[in-house]
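Residue numbers (the working numbering): 1 to 185. Positions of the beta carbon are idealized from the N, C-alpha and C atoms, including for glycine. Here the structure comes first, spelled out in C-alpha cells, and everything after it is commentary.
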C-alpha cells in the first residue's frame, strides 16, 4: 500500500482510538494534537524517510491509553510498527513511580528508531507543560517532571541531534514557565 495512505490510515485510527481523550493541561486540548505533533517531529527528524516510524508515532499511546493490543496494531499496520509501539509503551500494571524509574533505566537500551520516537514524545510533553500545564500540578511537580524527563532523555541522546536541540529548548522553556506560573498564581 502507498506509504502516504498508510500514514493517513494511522492518523485516522489514532483519532478514532483517542476520540474522547484530552490532554491533562488546563486547556484540555484534544489528545490527537499531541499524536500529530509527535508524528510531525519524527517526520521532520527523519526527513520523512521512515513512514513506519511516523505511523508508530501516531499510535504510540494506543496500547497504554486505549487498550488497543499489539496484535490489532500489527494486523492493521504491520509487525514493525507494532514492535515500535510496544517498545515505547509503559506497563500500566506497575505503579507510576516504577514506570518512571523504568523509563530512565530502559531509555539507553531502546533501538535508535524508538529513541527518536521517545524524544519526540518528550518534546511534545514539555511543550505542553510550558504552555498549558495541568492546573492541579503544583510548581514542584512541574519542576520534577522537567528533571525526570531530562533524565530519560539522557539515555536517548545520540539518536537525533535535531530532536535533542528541540528537547533542550523545550526543557528550557518549561523551566522558565514554572516561575512565571508561580508569579501569576
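| request: Would you tell me roughly how many angstroms separate the C-alpha atoms of residue 22 and residue 37, rounded to the nearest one? | output: 14 Å
| What's the C-alpha gap between residue 165 and residue 174? | 14 Å
| query | If you run the structure through DSSP and keep just helix, strand and coil, what is residue 133? | reply | coil
| Relative to the alpha-carbon of residue 83, which residue among 99, 142, 97 and 53 has its alpha-carbon at the smallest distance? | 53
| task | With DSSP collapsed to three states, give me the class of residue 176. | result | helix
| In terms of residues, what are the limits of the alpha helix (DSSP H) holding residue 83? | 79 to 87
| task | Answer with buried or exposed for residue 154, where buried requires no fewer than 16 other C-beta atoms within 10 angstroms of its C-beta. | result | exposed
| message | Closest to residue 71 by C-alpha separation, out of 58, 85 and 65, would be which residue? | response | 85
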